[in-house]
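Numbering (this note's numbering), first residue to last: 335 to 766.
Written out as structure tokens, the structure is:
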């Protein structure tokens, strides 16, 4: 008697010592694009205060400008917060964008969807209802369109629990490989690329042989089921990841000189950024590093200067330096973004609340016109002055930089056709 589909999936889930990657590894690329541009995204989860960091208003009244002083950066006329001294020396390598606004929502979930996918969760320009559709994040689109390289998954994520970092309607095959551990800890390890000692390479090889035997049964029973028919391919990719010398080397942070690790900072953010560089160098295409705690409704200034800005300052600036020194800046885009900015006025708890009309993001690297600012806000940081750009424009810009085909059409689970980018225009001032 043949096993059921459900029992077959259980067998598959156990085939590699409790491997947690089966759904992730269903990543079959579309016809890959020729571009080999990679991306590291620094995600400031919760919403970084734009007016206290990169869009300061030193001449505004105290209730707007807050407690921090502005310091000069390497770009004349673009001061930054005094608690970002390393990034002040890197601004010639950054394009600041202040013109992206999504005024429809200051809700975390909706705003995260906007900024991680580029798609609004509201009726799209064609009139189709989009509220119940979760769109794929940038890394998942790269996974779909470009696929694996060097036996490494295309899309990896460090930290954070944001729902909309995943593949949405593309399916779990294109979700990121999530690394939950803290790379700054001495006992850091990645279970998904480590064969448990109790299993060993020999048993893993035998289990792969068992999978080969199951293939014959699968081909006979599931000829009409493409998803399950291809599952053996995904498990072979899992095996390759487990046993790949390239993958194992990429995750060995101890191989880095102490001076390099110190430059990034002895923090989760710092060592995650260093590991992101190593993964990009090894063949991963898109890495997200999440920095949490930016939802500063209270005690905004102490939290920023003590806990939030110093790790980001060191990690981001070191990453830009390192990519340049290793010749990776010409084929890597670095994006720093969050779901929205914070209110221009300080509230009664010495905090700032959600504020969708004004935000600031930083883009660097391949194809980016660096060392200038796109767009501006008014004297109190209450609104964008002049042309504002939608998140569809922002997504179109990222797709242009990353070589993603935004005109591709995919289908939701219920069969509805959806364009990757529905009407967005790349922001020309960002592009070199």
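Quick reminder that beta carbons are idealized off the backbone N, C-alpha and C, glycines included.
Look at the segment 663-741 and you find these whole runs of alpha helix (DSSP H), each 4 residues long or longer: 725-736. In the DSSP assignment, residue 606 falls within the unbroken alpha helix (DSSP H) covering 602-616.
Exposed is the label assigned to residue 741, since fewer than 16 other Cβ atoms lie within 10 Å of its Cβ. Contact check for residue 680 against residue 702 fails: the beta carbons are separated by 9 Å or more. When C-beta atoms of the segment 379-394 are compared with those of the segment 615-623, fewer than three pairs fall below 8 Å, so the two segments do not count as touching. Segment contact: the segment 476-486 against the segment 589-597, fewer than three CB-CB distances shorter than 8 Å; contact not assigned. Taking C-beta atoms as the reference points, residue 699 and residue 657 count as a pair closer than 9 Å.
Taking a 10 Å sphere around the C-beta of residue 762, we find fewer than 16 other C-beta atoms and assign the residue as exposed.
With contacts defined by Cβ atoms closer than 9 Å, residue 508 and residue 705 do not form a contacting pair. By the criterion of a C-beta distance shorter than 6 Å, residue 735 is surrounded in its chain by 667, 701, once the five residues flanking it on both sides are discounted. Three or more beta-carbon pairs separated by less than 8 Å are not found between the segment 633-649 and the segment 507-521, which leaves the two stretches without contact. The C-alpha of residue 418 lies about 22 Å from the C-alpha of residue 609. The alpha carbon of residue 754 has as its nearest neighbour, out of 473, 575, 384, 408, the alpha carbon of 473. DSSP places residue 509 outside both helix and strand once states are collapsed to three, so it counts as coil. Leaving aside the five residues that flank residue 485 on each side, the residues in its chain whose CB is nearer than 7 Å to its CB run, in chain order, 574, 575, 578, 580, 581. In this structure residue 413 is buried. Its beta-carbon is surrounded by 16 or more other beta-carbon atoms within 10 angstroms. Contact check for residue 492 against residue 622 passes: the beta carbons are separated by less than 9 Å. Note: residue 491 is bridge-paired with 512, 622 in the DSSP secondary-structure output. In the displayed model, residue 745 falls within a strand according to three-state DSSP. If you check the CB distance, residue 446 and residue 655 do not come in under 9 Å. A check of alpha carbon separations from residue 626 across 371, 375, 379 identifies 379 as the nearest. DSSP places residue 413 outside both helix and strand once states are collapsed to three, so it counts as coil. Between residue 670 and residue 376, the gap from beta carbon to beta carbon is short of 9 Å. Per DSSP, the continuous alpha helix (DSSP H) segment holding residue 449 begins and ends at 442-451. Between residue 738 and the set 421, 745, 730, the nearest pair of CA atoms involves 730. Membership of residue 580 in any beta strand (DSSP E) is not indicated; the residue belongs instead to the alpha helix (DSSP H) covering 579-584. Proximity to residue 496 across 515, 454, 599, 624 peaks at 624, based on C-alpha coordinates. The three-state secondary structure of residue 428, taken from DSSP, is coil. Contact annotation, residue 635 with residue 401: C-beta distance approximately 5 Å; criterion of less than 8 Å satisfied. Separation of residue 707 and residue 397 (C-alpha to C-alpha, rounded to the nearest whole angstrom) is 25 Å. Taken through DSSP and simplified to helix, strand or coil, residue 372 comes out as strand. Pairing residue 394 with residue 715 gives a Cβ-Cβ distance under 9 Å. Taking all protein chains shown into account, residue 751 has fewer than 16 neighbouring C-beta atoms within 10 Å of its C-beta and is therefore exposed. DSSP places residue 486 in no beta strand (DSSP E); its state is neither H nor E. According to the DSSP assignment, residue 753 belongs to no alpha helix (DSSP H) but to the beta strand (DSSP E) extending over 751-753. Remark: C-beta atoms of residue 502 and residue 448 do not approach each other more closely than 9 Å.
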